[in-house]
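FYI, the numbering used here numbers position 218 of the sequence shown as 214, with every residue one higher than the one before it.
We treat Cβ as the ideally placed atom computed from N, Cα and C, and that holds for glycine.
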Amino acid sequence: FEEMRELVEVGVELYKEVEREAPCRWEGDDDDGVCEPVTETGSPEWVPITAWPAFTRWTRGFFATHHGHRHVPIEVGATMVTASTTHMTLSQLLSRDKRDEYMAQHPLTLQIPSLADDIRRPGIVPEGTLPVVFIGPKGTFTPLHTDPTNNVFVQVKGFKLLHMYPPIGITEETLKAFKSFDVKAAIVEHVLDRVNEGLEVAIPDLSKETRVVLRPGSAVLIPEGYYHSLQSLTRSISVAYWF
-3 FEEMRELVEV GVELYKEVER EAPCRWEGDD DDGVCEPVTE TGSPEWVPIT
47 AWPAFTRWTR GFFATHHGHR HVPIEVGATM VTASTTHMTL SQLLSRDKRD
97 EYMAQHPLTL QIPSLADDIR RPGIVPEGTL PVVFIGPKGT FTPLHTDPTN
147 NVFVQVKGFK LLHMYPPIGI TEETLKAFKS FDVKAAIVEH VLDRVNEGLE
197 VAIPDLSKET RVVLRPGSAV LIPEGYYHSL QSLTRSISVA YWF
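Below, the structure written as structure tokens:
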């Protein structure tokens, strides 16, 4: 773990040099590359990565031309929590551009092995870890949740807003504080539903918020058990490594 932290600390310094220079905009065939300014808070653990061919290659035109006929699972719904699953081709997904249709956590490089050559496993991720891919339009939203493992989340195309909070034990005092926070009602209600069902042993400590925009090339460590939510500010492609 100490070796992991040393690598992450290097990544923090690398990111500090560029994080404020990249505006929320890009040029090219993915023309929905503009989003409103976001006030960022906190200091996540950035992970150093090498340049991926996917950063430039994985455009809508690329997928439509080379892999548009491929069928992939699609979550349909306002959020991943309420979504149902269907299947469509990549061309259909990318051309329809509907905010409630989202290819989430799909092992696309397993389905299309040639895509594995376009990404590079970050150094802190154990060898053999299977990456999963997220592709969706502007507006997709994943409510506050935790992962049972560490997660290195890499933004490939577009921009996503990450909210992240450390877990805190459930007591009468912490639960009262959580309910009183001025945050999206849907976020609070989802967590409270799980608490009431006995599915949670901790709640997010909303007083220790990290809020950052993930830009193309950003890679962040989301520690096991940390609450986080993600919202696509533009069309977006992301890759996650759970380990």
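Local Cβ density within 10 Å of residue i, reported as buried at 16 or more and exposed below that
i	result
Lys204	exposed
Glu220	exposed
His83	exposed
Asn146	buried
Ser228	buried
Glu97	buried
Lys118	Residue identity differs from the one stated: residue 118 is Pro in this sequence, not Lys. Classification for Pro118: buried.
Leu106	exposed
Gly194	exposed
Gly124	exposed
Gly38	exposed
Thr35	exposed
Thr136	buried
Gly73	exposed
Glu17	Only weak support is given to the placement of Glu17: the predicted model assigns it a pLDDT of 38, under 50, and the question is left unresolved by the model.
Inter-residue Cα distance where the pair is residue i and residue j
i	j	result
Gly213	Ala47	8 Å
Gln88	Pro200	37 Å
Pro44	Gln151	13 Å
Thr55	Lys134	15 Å
Pro122	Trp238	10 Å
Ser225	His159	5 Å
Tyr223	Thr81	24 Å
Pro163	Leu217	15 Å
His102	His67	11 Å
Val208	Ser110	31 Å
Glu23	Phe155	For Glu23, the predicted structure reports a pLDDT of 44, less than 50, and the residue's modelled location is therefore unreliable. A value from the coordinates is still provided. So the alpha carbons of these two residues sit roughly 13 Å apart.
Pro127	Lys175	35 Å
Leu202	Lys153	28 Å
Gly165	Val197	7 Å
Val191	Lys94	32 Å
His62	Ile108	10 Å
Asp189	Leu210	29 Å
Arg92	Gly132	10 Å
Val6	Ala215	Because the pLDDT at Val6 is just 34, under 50, the model does not fix this residue reliably, and the value given afterwards should be weighed accordingly. About 12 Å.
Tyr161	Phe59	34 Å
Trp274	Ile120	This structure leaves residue 274 out entirely; the chain is present only between -3 and 239.
Ala173	Arg116	41 Å
Counterpart residues of residue i in DSSP-defined beta bridges
i	result
Phe137	Gln227
Pro69	His83
Lys153	Ile233
Pro163	Pro200
Pro127	Tyr237
Ile45	Looking at the DSSP assignment, Ile45 forms no beta bridge with any residue, so it has no partner.
Glu97	Val72
Asn192	Partner(s): none; Asn192 has no beta bridge.
Leu210	Lys156
His102	Val129
Ala215	Val150
Thr37	Arg207
Beta-carbon proximity of residue i to residue j, cut-off 7 Å
i	j	result
Gly64	Leu86	yes
Asp143	Arg53	no
Leu140	Val187	yes
Pro69	Thr206	no
Val71	Ala112	A small fix is needed here, since residue 71 is Glu in this sequence, not Val. No, the Cβ-Cβ distance between Glu71 and Ala112 is not below 7 Å.
Leu90	Val129	no
Ala236	Phe149	yes
Check whether the region 164 to 173 touches the region 220 to 234, counting contact only when three or more Cβ pairs, one atom from each stretch, lie closer than 8 Å. Fewer than three Cβ pairs drawn from the region 164 to 173 and the region 220 to 234 lie within less than 8 Å of each other, which leaves the two stretches out of contact.
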